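Heads up: the structure comes next, in structure tokens.
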Amino acid sequence: MPSTPTPTHCPYCALQCGMNLTPAPQGGVEVSERADFPVNRGALCAKGRTAPAVLSERVRLTSPWVRSPAGTLEPATWEEALDRIARELARVRAEAGADAVGVFGGGGLTNEKAYALGKFARVVLGTSQIDYNGRFCMSSAAAAGTKAFGVDRGLPFPLEDVPRTGCVILVGSNPAETMPPALRYFRELRENGGTLIVVDPRRTKTAEQADLHLAPRPGTDLALALGLLHLVVAEGRTDEEYVRERTSGWEEARAAAMAHWPEYVERITGVSVPELREAVRLFCEPEAAMVLTARGPEQQSKGTDTVGAWINLCLATGRAGRALSGYGCLTGQGNGQGGREHGQKADQLPGYRKLDDPAARRHVAEVWGVDPDALPGPGRSAYELLDALGTDVRALLLMGSNPVVSAPRAAHVEERIRSLDFLAVCDVVLSETAALADVVLPVTQWAEETGTTTNLEGRVLLRRRAVSPPEGVRSDLEVLHGLAARLGVEKGFPTDPEEVFEELRRASAGGAADYSGISYRRLAEGDGVFWPCPAEGTAVAAGSGAQGDAPGHPGTPRLFLDRFATPDGRARFVPVAHRPAAEEPDEEFPVLLTTGRVVAQYQSGAQTRRVGELNAAAPGPFVELHPRLAARLGAAEGDPVAVVSRRGRAVAPARITTAIRPDTVFMPFHWPGEGRANTLTNPALDPTSRMPEFKVCAVRLEAVEG
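Just so it is clear: in the sequence shown, position 141 is 141 by the UniProt record's numbering, and no numbers are missing.
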């Protein structure tokens with residue numbers, strides 16, 4: 001491999017920070033800054049700096065493992081492992097039908113892998129039962145954005161616009177810990193004279209940077225947004241000309257908001273009327289402003305309506321589809337955006353096409369060389385799929401996810417996984433879920449393979465291979481190729497990522513997320529290309545197999561400046577009303593639990609928990625609680641505290657702080673075992689997005705002796 005630096009991107013969050021990798025003389029690779037990449041401008045967090053540690057053979061899988069008749073995982077050859085998977089999938093399909101076989105993907109898979117996985121499920125297995133862990137990430141924002149704007153892209157503008165706007169309302173997001181290099185955009189906003197409003201029940205490191213911190217009771221973000229819109233109307237701050245010319249549905253949405261008067265909203269949220277009025281003033285006085293949401297308002301059983309209420313606030317004030325204004329979602333997972341665009345989501349085909357759209361089915365079936373009628377319909381969403389394991393779904397192929405730690409009601413999900421007839425897992429490390437598998441396949445990582453990802457801005461990027469993988473490790477594309485051949489499909493699953501991307505271009509052509517004008521060469525020559533980027537002419541879109549560069553369309557950094565992606569070009573108001581969380585506190589469970597992340601760990605922690613520097617900074621779970629709550633419990637700093645919900649019990653040391661509301665406790669969700677936060681969380685689903693209610697459930701606290 002070359003000894004010169006290879007420009008590539010971090011494997012973790014959706015910023016996809018640029019970095020350089022150089023093979024080290026003693027082995028492995030060294031990370032250095034890549035100041036020319038505009039998203040992070042050289043800045044890296046501790047996770048990015050230490051990412052190469054997981055490349056070490058000391059912490060990762062380097063050979064397949066197959067469960068023996070005695071019940072233990074034993075080393076096996078690749079041929080033995082692939083034969084076993086194909087044989088078991090075929091057996092279950094023959095005995096119980098195609099939908100008895102499920103596929104579960106991940107928001108960290110490259111676009112090529114996500115595309116190939118969705119194609120494999122529908123063409124090779126013929127199953128409708130495919131979804132991915134990105135359903136747990138920003139599906140509510142995607143649903144609300146699609147309702148309002150006609151298409152979902154996390155940010156419809158580049159991050160560089162954030163410091164140049166007048167005010168940002170940041171709802172349920174803590175970038176200081178979840179994506180630290182992004183915090184500079186909010187600091188620059190304030191340096192430029194703009195204001196930052198942070199909405200969070202905790203006074204996080206991000207909230208400490210704010211001009212105004214609103215700390216609503218968990219689960220009341222919807223009421224808060226409606227209360228702000230009520231004040232916008234009552235104070236005459238609506239942009240009537242914009243509403244008239246660029247939107248529809250305002251009368252119904254206005255009527256719904258006017259039922260949420262300030263004093264009523266104060267009682268629901270705990271945010272005072274003066275704070276509500278100040279937030280409206282800060283948001284409406286500048287010429288431009290933005291609302292950015294993240295998991296806080298989205299991971300609720302009413303997440304779609306909650307995000308919709310914040311979008312309504314933007315529309316009523318003319319803050320969408322205009323320069324330096326708009327609504328956006330801060331996507332979490334590394335390829336959370338691209339991962340849901342190209343077919344591993346239960347109801348979607350490549351290009352963000354809907355699986356139940358006959359025209360979409362015809363287009364994609366033509367690219368795939370199959371009969372449109374042979375494609376299955378929409379399947380179960382992520383939690384519903386996991387809940388069906390061992391009953392309707394008897395075998396599962398899982399790629400790039402760790403639901404034993406990351407899924408809501410995790411003890412139940414673990415039980416369902418254990419009840420499967422057969423489980424095959426492709427992963428880099430032996431995660432808690434992989435440890436339960438019948439076959440575990442070791443696959444390549446970010447620095448060992450080439451592929452594309454799409455960051456939170458909708459910027460398609462090229463990750464480049466910098467080092468060779470260990471002997472005995474194969475790529476996910478090679479896994480799908482080998483399984484497809486064993487299951488009777490000899491062609492259509494290439495192992496070269498660029499060849500897969502060329503097919504993805506054709507499949508996405510004409511769709512909402514059109515990549516047909518993007519090529520590896522274009523990506524290699526610049527800082528990424530924003531979709532939609534259609535190809536000029538018809539060669540690529542028609543499926544001619546044309547490869548190479550597709551010059552012409554520059555990509556679309558800013559959506560909606562001329563029109564929205566709806567049939568009439570207008571944004572749609574959606575009337576919504578506050579309703580309680582699926583589970584409210586009561587006498588038995590009087591406290592609210594909310595969950596989140598810490599800066600030194602990532603998602604289920606399967607990789608970051610194997611990095612010494614990160615573990616030293618964040619060695620284990622904790623329960624964050626207010627001093628008044630701690631005093632009632634009789635708990636001191638560091639004492640073990642049990643948090644009990646209707647679904648289970650978790651124990652972790654107390655961390656006492658005034659940065660959280662007295663009626664709320666917080667737990668990070670990165671750890672398994674007795675401190676597993678998702679043992680407690682509620683799988684109540686949003687009716688539209690099917691997002692579980694991770695962010696709020698009722699619990700009680702118990703002192704733990706010893």
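Ideal Cβ placement from N, Cα and C applies to all residues, glycine included. Fair warning: this is a prediction, and the values are worked out from it, not measured in the lab.
- Item | In DSSP terms, what residue 254 is bridged to | Here residue 254 corresponds to residue number 254 of the sequence shown, with the count starting at 1. DSSP, once it has assigned bridges, lists no residue as partnering residue 254.
- Task: Specify the secondary structure class of residue 32 as computed by DSSP and reduced to three states.
- Result: The residue given as residue 32 occupies position 32 in the sequence shown. Three-state result, residue 32: strand.
- Query: Is residue 529 closer than 9 Å to residue 522 when the C-beta atoms are compared?
  - Reply: Residue 522 sits at position 522 when you count from the first residue of the sequence shown. Residue 529 sits at position 529 when you count from the first residue of the sequence shown. Yes, the pair counts as a contact, with Cβ atoms nearer than the cut-off.
- Message: Strictly by DSSP, which residues pair up with residue 481?
- Response: Counting from one through the sequence shown, the residue named residue 481 turns up at place 481. Per DSSP, none; premise fails for residue 481.
- Pick helix, strand or coil for residue 147, following the three-state DSSP scheme. Residue 147 sits at position 147 when you count from the first residue of the sequence shown. DSSP places residue 147 in helix when its eight states are reduced to three.
- Indicate the three-state DSSP secondary structure (helix, strand or coil) for residue 141 in the structure shown. Within the sequence shown, the letter at position 141 stands for residue 141. Here residue 141 sits in helix by DSSP.
- Output the boundary residues of the beta strand (DSSP E) element that contains residue 625. Here residue 625 corresponds to residue number 625 of the sequence shown, with the count starting at 1. In the DSSP annotation of this structure, the continuous segment of the beta strand (DSSP E) that includes residue 625 starts and ends at 623 to 625.
- Task: Note down the Cα distance separating residue 62 from residue 74, rounded to an integer number of angstroms.
- Result: Residue mapping note: residue 62 aligns to position 62 of the sequence shown, counting from 1. Residue mapping note: residue 74 aligns to position 74 of the sequence shown, counting from 1. Cα to Cα, the separation comes out at about 13 Å.
- Assuming residue 689 and residue 139 form a contact by the criterion Cβ under 8 Å, report the distance between their Cβ atoms to the nearest whole angstrom. Working through the sequence shown from its first residue, we reach residue 689 at position 689. Working through the sequence shown from its first residue, we reach residue 139 at position 139. Their Cβ separation, rounded to whole angstroms, is 4 Å, which keeps residue 689 and residue 139 in contact under 8 Å.
- Which partner residues of residue 291 appear in the DSSP bridge assignment? As a position in the sequence shown, residue 291 is number 291, starting the count at 1. Per DSSP, 169 and 327.
- Message: Within 8 Å, do at least three Cβ pairs link the region 13 to 31 to the region 48 to 60?
- Response: yes
- Of the listed residues 163, 86, 113 and 153, nearest to residue 125 (C-alpha basis): Reading the sequence shown from its first residue, position 125 is the one you call residue 125. Nearest of 163, 86, 113 and 153 to residue 125, Cα basis: 86.
- Item | Status (buried if at least 16 other CB within 10 Å, exposed otherwise) for residue 112 | For this step, residue 112 is matched to residue 112 along the sequence shown. With 16 or more other Cβ atoms within 10 Å, it is buried.
- Complete runs of the alpha helix (DSSP H) confined to the region 400 to 475 [at least 4 residues]: 403 to 406 and 410 to 418
- Candidates 135, 122 and 123, of which the one nearest residue 108 by Cα: As a first step, residue 108 must be located in the sequence shown, where it is residue number 108. Nearest C-alpha to residue 108 among 135, 122 and 123: 135.
- Taking the alpha-carbon positions, what's the residue 317 to residue 280 distance? Within the sequence shown, the letter at position 317 stands for residue 317. Within the sequence shown, the letter at position 280 stands for residue 280. Distance between the alpha carbons of residue 317 and residue 280: 10 Å.
- Quick one: what's got a C-beta closer than 8 Å to residue 145's C-beta in the same chain, skipping five residues either side? If you number the sequence shown from 1, residue 145 lands on position 145. Around residue 145: 151, 152, 153, 307, 311, 327 and 329.
- Query: Skipping 5 residues on each side, what residues in its chain have a beta carbon closer than 6 Å to that of residue 20?
  - Reply: For this step, residue 20 is matched to residue 20 along the sequence shown. Excluding positions up to five away in sequence, the list reads 5, 7, 32 and 34.
- Any chain D beta carbon closer than 9 Å to residue 489: Note that chain D does not occur in the displayed structure, where there is just one protein chain.
- Query: Which ranges does the beta strand (DSSP E) cover as unbroken runs of at least 3 residues, wholly within the region 158 to 219, from first to last along the chain?
  - Reply: 167 to 171, 195 to 199 and 212 to 214
- Assign residue 345 to one of two classes, buried (16 or more other C-beta atoms within 10 Å of its C-beta) or exposed (fewer than that). Locating residue 345 in the sequence shown gives position 345, where the first residue counts as 1. Its Cβ being crowded by 16 or more others within 10 Å, residue 345 is buried.
- Query: Between which two residues does the beta strand (DSSP E) harbouring residue 645 extend?
  - Reply: Along the sequence shown, one-based indexing puts residue 645 at 645. Residue 645 -> beta strand (DSSP E) spans 640 to 645.
- Query: So which of 59, 23, 180 and 40 has the shortest CA-CA distance to residue 606?
  - Reply: Residue numbering aside, residue 606 sits at position 606 when the sequence shown is read from its first letter. Measuring from the Cα of residue 606, the nearest candidate turns out to be 59.
- Classify residue 248 as helix, strand or coil using the three-state DSSP reduction. Looking up residue 248 in the sequence shown gives position 248. Residue 248: strand per DSSP, three-state reduction.
- Query: Going straight from the alpha carbon of residue 712 to that of residue 402, what length do you get?
  - Reply: Outside the displayed range of the chain (1 to 706) lies residue 712, so it cannot be described from this structure.
- Report the three-state DSSP secondary structure of residue 59 (helix, strand or coil). If you number the sequence shown from 1, residue 59 lands on position 59. In this structure, DSSP gives residue 59 a state outside helix and strand, which the three-state scheme calls coil.
- Message: Rounded to whole angstroms, what is the Cα-Cα separation between residue 665 and residue 654?
- Response: On the sequence shown, residue 665 is found 665 positions in, with the first residue counted as 1. On the sequence shown, residue 654 is found 654 positions in, with the first residue counted as 1. For residue 665 and residue 654, the distance between alpha carbons rounds to 10 Å.
- the region 214 to 222 touching the region 264 to 277, judged by at least three CB pairs closer than 8 Å: yes
- Compute the Euclidean distance between the alpha carbons of residue 648 and residue 184, then round it to the nearest angstrom. Here residue 648 is taken as the residue at index 648 of the sequence shown, counted from 1. Here residue 184 is taken as the residue at index 184 of the sequence shown, counted from 1. So the two alpha carbons sit approximately 39 Å from each other.
- Looking only at its own chain, which residues have a Cβ that is under 6 Å from the Cβ of residue 398, when we skip the five neighbours before and after it? To locate residue 398, count along the sequence shown from 1; it is residue 398. Within the same chain, residue 398 has close Cβ partners 104 and 425.
- Please state if the CB of residue 356 and the CB of residue 378 are separated by a distance shorter than 9 Å. Mapped onto the sequence shown, residue 378 falls at position 378. Mapped onto the sequence shown, residue 356 falls at position 356. Yes. Within cutoff.
- Message: What would DSSP say about residue 702, mapped onto helix, strand or coil?
- Response: Taking the sequence shown and counting its residues from 1, one reaches residue 702 at position 702. Residue 702 falls in the strand class under three-state DSSP.
- Per DSSP, which one or two residues make a beta bridge with residue 65? Mapped onto the sequence shown, residue 65 falls at position 65. The partner list for residue 65 (beta bridge, DSSP) reads 75 and 440.
- Contact the region 590 to 599 vs the region 661 to 679: 3+ CB pairs below 8 Å: Inter-segment contact for the region 590 to 599 and the region 661 to 679 is present: three or more beta-carbon pairs are separated by less than 8 Å.
- Query: Cβ of residue 651 within 9 Å of Cβ of residue 625?
  - Reply: Taking the sequence shown and counting its residues from 1, one reaches residue 651 at position 651. Taking the sequence shown and counting its residues from 1, one reaches residue 625 at position 625. No, the Cβ-Cβ distance between residue 651 and residue 625 is not below 9 Å.
- Task: Quick one: residues in its chain with C-beta nearer than 6 Å to the C-beta of residue 176, no 5 flanking neighbours on either side, listed in chain order?
- Result: Residue 176 sits at position 176 when you count from the first residue of the sequence shown. Correct list, in chain order: 183, 205 and 206.
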